[in-house]
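**Student:** Below you will find the structure I want to go over with you.
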Amino acid sequence: MRIPLLFGVCALLLFALTGYALVDIWRQEMTLRRIGETRKSFEAAVNELDTTVLLSRSGLLRNYDAIVAASDRAMAALREIDALDTDMPALAGAVEAARKQQEEKQDLIEQFKSENALLQNSLVYFTALGKDLQQTGDGALSNTVSALAAVMLAFTLNPSDDNAAPLTASISRLAAQAIDPSHAKSRDSLTAHAQLIQSTLAGVDQLVQSVLTRARTDGVSDAVAAAEIRHTSLTRAYLVAFSIATVLAASACIAIGFQLRTKIRTIRARKELDTIVADMTLHSINASTVQLNAIVQETLRRLAVWAGADRARYVSAGMRRMSYDSMPGSSQASCAALEAFALADDDRDFIYVRRGRAVEDAALSRALAGVDVATWVCYRSGDTRRGSLLTLECQRGGFHYGEEVLNLLRGPLDAISDAIDRVIQKAEQRALEARLNQAQRLEAVGTFASGIAHNLNNITAAIRGHAEMAGETQHRQTLDRHIREILKGADRAHDVVSEIMAFGRSDASARKSADLSALVGETLRLLSPSVPASVRLEPDIAAGVTASIDARQIEQVLLNLIRNAWQAIGEGRGVVRVRLETREQAGAMILSHGTAEPGRYAVLTVADDGEGMDETAQDRLFEPFFSTREGGNGLGLATVKRIVADHRGALDMESTLGRGSTIRVWLPVDAANPADGTIPEAEGTGERILLVGRNKAERLKMEETVAALGYEPVGFSDPDLAVGTLPAFAFDAVLLLTRRNHAGEYRDLLKAIGRDLPVVIVGPPETVPQVVDAAAMVDVVHRPITPSALAAALARAIQQRASLKTPEMPPA
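Following this note's numbering, the numbering of the sequence shown begins with 69 at its first residue and continues without gaps.
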């Protein structure tokens with residue numbers, strides 16, 4: 069490639085130089101043409117100048133403007149020639165000489181104009197005075213004047229010495245002749261003009277002769293002719309050189325073209341080979357062992373097609389010896405050849421064998437002798453996998469490419485070996501991870517069980533203590549107080565169990581594309597009555613944020629985060645900021661609890677200005693049963709972490725002592741589907757709900773929630789009082805706040821209700837059998853209660869109530 073390229077560069081350089089020279093010659097030719105045209109203009113101006121001088125000398129031209137114009141044109145032509153960049157010293161010298169001659173000629177012309185003017189004036193006066201004297205009537209005078217005129221004519225025609233002597237004698241006779249005094253003045257004037265003509269005529273003719281011999285173009289013409297001859301010779305020489313350079317450049321371009329074609333073919337082959345390797349690497353990243361077999365076999369088939377081979381084969385080295393073939397049924401001879409090359413004591417990694425070509429290694433030569441192939445190429449790995457082989461066989465003819473391209477087989481060989489190693493290593497890694505996960509699950513079970521035991525042990529210890537003190541007391545009020553404490557302990561145990569059940573619950577099928585903006589806004593609206601008066605909620609919710617979520621679980625996440633935020637503020641005043649936005653993540657970002665992979669996310673931020681946490685508390689914040697608050701069970705944020713993980717999201721937390729904490733929930737946005745639902749469209753339209761619950765705080769809070777959902781709650785703590793209101797109020801549904809084993813308290817109320825009103829129970833599922841026999845329809849909402857679950861249950865109850873009403877018959 070280098071020699072043709074160097075040859076081509078030289079040919080193109082010669083082509084460029086000769087081309088430039090021809091351009092320069094063309095410029096010279098244009099210059100010579102302009103010089104020729106200007107020379108013609110100069111000759112015309114000189115000829116016109118000579119003509120006007122002769123006309124002036126003969127007296128036919130009395131105005132000298134034509135002489136001046138012709139002289140100026142001649143000088144302008146010479147200046148134009150001199151201004152051209154001719155690079156011709158001879159021509160420049162000739163032009164300079166012609167210019168000097170023209171300047172001398174102009175000086176002579178100026179002198180000629182002066183003297184010729186006197187001469188022509190004297191001739192006019194001589195002619196006029198002679199006519200006047202001839203008409204005086206004096207015969208002698210007339211004859212003398214006539215003789216003088218005849219001699220003057222001969223002198224003007226030929227001012228030679230022979231004609232000058234008679235003219236002098238004739239002038240003397242006229243001057244000496246006695247005449248009438250009245251004609252003396254005219255005679256004197258005539259003789260004076262005759263003498264002036266005699267003295268100036270020869271000088272004027274000499275000036276005319278000098279003018280006519282000055283500023284000829286012979287030198288310029290000779291120089292131009294010589295330049296044209298030289299130009300013609302150079303043109304022919306350069307045309308020959310240019311033709312030779314053109315042929316050489318064309319030959320070099322053809323040679324380089326063939327080289328580039330081969331290079332492009334090699335590049336294309338490399339690209340196709342890289343594509344095969346990239347496809348195999350991509351498909352084998354997460355492939356199983358079974359899938360790997362098909363991937364490697366397909367890769368070998370593509371390699372065979374790429375090289376124009378009939379078969380491609382791979383054999384791996386090491387303890388796990390593997391063999392793959394693009395075609396089933398490898399011959400023993402081919403396998404022997406592979407084995408011989410693998411074991412050959414040879415430093416070569418690549419061998420290319422054609423039929424009839426000698427092979428140095430004797431064992432390999434014998435093995436190849438039994439293989440029915442015309443062309444055989446093999447690449448042997450030269451690294452730690454030395455002995456791994458990739459071979460191509462062609463039974464008839466040869467491959468598409470030569471040794472230079474086939475030497476690229478190192479890439480596919482290493483890629484196949486890497487893929488096999490990667491799949492095997494991943495299988496081993498999965499086995500190790502399974503054993504590690506088993507150990508971690510056992511550790512988690514131990515930690516979980518320890519936490520459950522600790523919480524339930526504290527609760528049962530309190531219950532046992534109050535039970536023992538209740539058995540020893542004799543006062544009714546003290547007994548009631550201990551019983552209430554025992555009931556509180558039971559409720560706490562029930563709450564712990566409910567939290568544990570919520571922590572372990574996961575239902576991926578409940579997720580669907582929903583309007584997260586509407587869900588967060590509605591949850592905040594329903595939650596705001598429950599927030600302490602000293603805490604202010606500041607929402608900043610972006611519109612139109614959608615994601616594939618379980619609305620109930622995300623609502624639980626928001627409730628837990630906000631509850632944790634206002635509890636972190638404590639008794640003082642503070643602000644809880646809730647923000648929802650979308651973010652585009654270009655690259656993976658490591659968060660405090662998880663990683664945000666590239667993509668689009670809905671980021672839910674809950675920030676408070678409470679006390680903040682130290683690093684130890686931050687590290688353990690999302691662990692089950694860990695709590696920084698006295699009386700906390702430590703399952704709220706653990707549930708948040710589990711729900712976010714189920715949604716393929718991540719958590720990011722920032723906290724500073726004395727400045728508050730910020731928790732961000734990163735949820736992948738479902739950009740493919742628009743939101744097909746928001747929070748349940750279950751708001752009431754003023755339906756009246758009978759709400760009964762013993763716990764005053766819970767009942768009041770539930771009344772606020774039911775009212776926020778659009779219903780009119782009527783609350784009672786005593787079921788017997790509620791029974792008395794049934795005739796006075798037209799209720800649409802009943803909402804019972806129950807506890808474990810307390811459903812019997814509502815027996816009389818349920819009997820009074822009968823099957824006219826649907827019943828919604830807030831409590832454990834085991835309370836349902838005690839109610840279902842008496843009620844028309846029973847729906848259960850589990851604790852912890854979410855507004856969406858309660859809204860859905862009440863909506864179903866109202867719908868059931870509508871179906872239970874019997875339409876009135878029109879009067880007969």
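By construction, the Cβ of each residue, glycine as well, lies at the ideal position given by its N, Cα and C atoms.
Restricting to runs no shorter than 4 residues, where is the alpha helix (DSSP H) found entirely within the region 770-836?
**Tutor:** 787-793, 815-821
**Student:** Beta carbon of V737, beta carbon of T663: below 8 Å?
**Tutor:** Within the sequence shown, the letter at position 669 stands for residue 737. Within the sequence shown, the letter at position 595 stands for residue 663. Contact: no.
**Student:** Could you check where the beta strand (DSSP E) with G761 kicks off and where it finishes?
**Tutor:** Position 693 of the sequence shown, counted from the start, is the residue given in the question as residue 761. In the DSSP assignment, G761 falls within the beta strand (DSSP E) that extends over 756-761.
**Student:** Taking the alpha helix (DSSP H) that P234 belongs to, which residues open and close that run?
**Tutor:** Taking the sequence shown and counting its residues from 1, the one referred to as residue 234 is at position 166. Going by DSSP, P234 is part of the alpha helix (DSSP H) stretching over 229-244.
**Student:** Are the Cβ atoms of P234 and V213 separated by less than 8 Å?
**Tutor:** Indexing the sequence shown from 1 puts residue 234 at position 166. Indexing the sequence shown from 1 puts residue 213 at position 145. Their beta carbons are not under 8 Å apart, which means P234 does not touch V213 by this criterion.
**Student:** Hey, quick one: how far does the alpha helix (DSSP H) through A252 stretch, first residue to last?
**Tutor:** Numbered from its first residue, the sequence shown carries residue 252 at position 184. It spans 252-281 - the alpha helix (DSSP H) in which A252 sits, taken as one unbroken run.
**Student:** Which first and last residues belong to the alpha helix (DSSP H) in which G207 is found?
**Tutor:** Translated into the one-based positions of the sequence shown, residue 207 becomes position 139. Looking at the DSSP string, the run of the alpha helix (DSSP H) that includes G207 is 207-225.
**Student:** Among the candidates F310, G205, I353, whose CA atom is the shortest distance from the CA of V91?
**Tutor:** Counting from 1 along the sequence shown, the entry for residue 91 is found at position 23. Considering only alpha carbons, the answer is F310.
**Student:** DSSP puts G533 in a beta bridge; with which residues?
**Tutor:** Taking the sequence shown and counting its residues from 1, one reaches residue 533 at position 465. DSSP lists no partner for G533.
**Student:** What's the C-alpha gap between E639 and R710?
**Tutor:** For the purposes of this step, residue 639 is taken as residue 571 along the sequence shown, with counting starting at 1. For the purposes of this step, residue 710 is taken as residue 642 along the sequence shown, with counting starting at 1. Straight-line Cα distance between these residues: approximately 30 Å.
**Student:** Assign Y132 to one of three DSSP states: helix, strand, or coil.
**Tutor:** Taking the sequence shown and counting its residues from 1, the one referred to as residue 132 is at position 64. Three-state DSSP puts Y132 in coil, outside helix and strand.
**Student:** Can you give the beta carbon distance from V644 to V674, rounded, assuming they're within the 8 Å contact cut?
**Tutor:** Position 576 of the sequence shown, counting from 1, holds the residue named residue 644. Position 606 of the sequence shown, counting from 1, holds the residue named residue 674. Rounded, the Cβ-Cβ distance is 7 Å, consistent with contact.
**Student:** How is S139 classed by DSSP in three states: helix, strand or coil?
**Tutor:** Here residue 139 corresponds to residue number 71 of the sequence shown, with the count starting at 1. Helix, per DSSP.
**Student:** Please look up how many angstroms separate the CB atoms of A375 and L460, rounded, as I've assumed it's under 8 Å.
**Tutor:** Here residue 375 refers to the residue found at position 307 of the sequence shown. Here residue 460 refers to the residue found at position 392 of the sequence shown. The pair is a contact, with the Cβ atoms about 5 Å apart (cut-off 8 Å).
**Student:** Identify the continuous alpha helix (DSSP H) that holds S585 and give its terminal residues.
**Tutor:** One-based indexing of the sequence shown puts residue 585 at position 517. From DSSP, the alpha helix (DSSP H) with S585 extends over 584-595.
**Student:** For the alpha helix (DSSP H) that V383 lies in, which residues bound it at each end?
**Tutor:** For the purposes of this step, residue 383 is identified with residue 315 of the sequence shown, where counting begins at 1. No alpha helix (DSSP H) contains V383, which is instead part of the beta strand (DSSP E) from 379-383.
**Student:** Closer than 6 Å by C-beta to R167: which residues in its own chain qualify, once you throw out the five before and the five after it? Chain order, please.
**Tutor:** Position 99 of the sequence shown holds residue 167. So the qualifying residues of the chain are L146.
**Student:** How far does the beta strand (DSSP E) with R645 in it reach, from first residue to last?
**Tutor:** Sequence index remark: in the sequence shown, residue 645 carries index 577 (1-based). Unbroken beta strand (DSSP E) run through R645: 642-653.
**Student:** Is the beta carbon of S729 less than 8 Å from the beta carbon of G792?
**Tutor:** Along the sequence shown, one-based indexing puts residue 729 at 661. Along the sequence shown, one-based indexing puts residue 792 at 724. Taking the C-beta atoms as reference points, G792 is found no nearer than 8 Å to S729.
**Student:** Within a Cβ cutoff of 8 Å, which residues of the same chain sit near L805, ignoring the five residues on either side of it in sequence?
**Tutor:** Mapped onto the sequence shown, residue 805 falls at position 737. Within the same chain, L805 has close Cβ partners L759, V760, G761, R762, N763, E766, R767, M770, V830, G831.
**Student:** By DSSP, does T9 sit in helix, in strand, or in coil?
**Tutor:** No answer is possible for residue 9: the residues shown for the chain start at 69 and end at 880.
**Student:** Suppose the cutoff is 7 Å on Cβ atoms and the five residues either side in sequence are ignored; what does the same chain contact list for I247 look like?
**Tutor:** Here residue 247 refers to the residue found at position 179 when the sequence shown is read from its first residue. Excluding residues within five positions, the ones whose Cβ falls inside 7 Å are D206, L209, R255.
**Student:** Below 8 Å on the Cβ atoms is my contact criterion, and I expect E183 with T106 to pass it. Report the Cβ-Cβ distance as a whole number of Å.
**Tutor:** The residue you call residue 183 lines up with position 115 of the sequence shown. The residue you call residue 106 lines up with position 38 of the sequence shown. Cβ-Cβ separation between E183 and T106: approximately 32 Å, too far for a contact (criterion under 8 Å).
**Student:** Please work out which residues of its chain come closer than 7 Å, Cβ to Cβ, to L81, disregarding the five sequence neighbours upstream and downstream, and give them in chain order.
**Tutor:** Locating residue 81 in the sequence shown gives position 13, counting from the first residue. In its own chain, leaving out the 5 sequence neighbours on each side, no residue places its CB closer than 7 Å to the CB of L81.
**Student:** What are the boundary residues of the beta strand (DSSP E) that includes V674?
**Tutor:** The residue given as residue 674 occupies position 606 in the sequence shown. Start and end: 667-676.
**Student:** Assuming I93 contacts T303 under a Cβ cut-off of 8 Å, what Cβ separation, rounded to an integer in Å, is found between them?
**Tutor:** If you number the sequence shown from 1, residue 93 lands on position 25. If you number the sequence shown from 1, residue 303 lands on position 235. With a Cβ gap of about 5 Å, I93 and T303 count as contacting.
**Student:** What residues match up with C446 in a beta bridge as DSSP calls it?
**Tutor:** As a working note, residue 446 is residue 378 in the sequence shown. I419, T459.
**Student:** How big is the Cα-Cα spacing for Y469 and A337?
**Tutor:** Within the sequence shown, residue 469 is the residue found at index 401, counting from 1. Within the sequence shown, residue 337 is the residue found at index 269, counting from 1. Straight-line Cα distance between these residues: approximately 9 Å.
**Student:** Should A861 be labelled buried (16 or more other beta-carbon atoms within 10 Å of its own) or exposed?
**Tutor:** Locating residue 861 in the sequence shown gives position 793, where the first residue counts as 1. Classification for A861: buried.
**Student:** Tell me the DSSP secondary structure of D847 in three-state form.
**Tutor:** Against the sequence shown, residue 847 aligns to sequence position 779. Correct three-state label for D847: strand.
**Student:** Taking only runs of the alpha helix (DSSP H) that begin and end inside the region 336-373, which ones reach a length of at least 4 residues, in chain order?
**Tutor:** none
**Student:** Judging by CA-CA distance, which residue of Q169, F797, V473 is the nearest neighbour of L371?
**Tutor:** Mapped onto the sequence shown, residue 371 falls at position 303. Comparing Cα positions, the closest option is V473.
**Student:** Is V782 near R756, with beta carbons less than 8 Å apart?
**Tutor:** By one-based count along the sequence shown, residue 782 stands at place 714. By one-based count along the sequence shown, residue 756 stands at place 688. The criterion of a C-beta distance shorter than 8 Å is satisfied by V782 and R756.
**Student:** What did DSSP end up calling A576 once you bin it into helix, strand or coil?
**Tutor:** What you label residue 576 is simply residue 508 of the sequence shown in a count that begins at 1. Here the model assigns A576 a pLDDT of 48, short of 50, so the residue's position is not dependable and the matter cannot be decided.
**Student:** What three-state label does DSSP hand M681 in the structure shown?
**Tutor:** In the sequence shown, the residue the question calls residue 681 occupies position 613. Coil, per DSSP.
**Student:** Please confirm whether V644 has its beta-carbon closer than 8 Å to some beta-carbon of chain C.
**Tutor:** Structure shown: chain C not included; a single protein chain is present.
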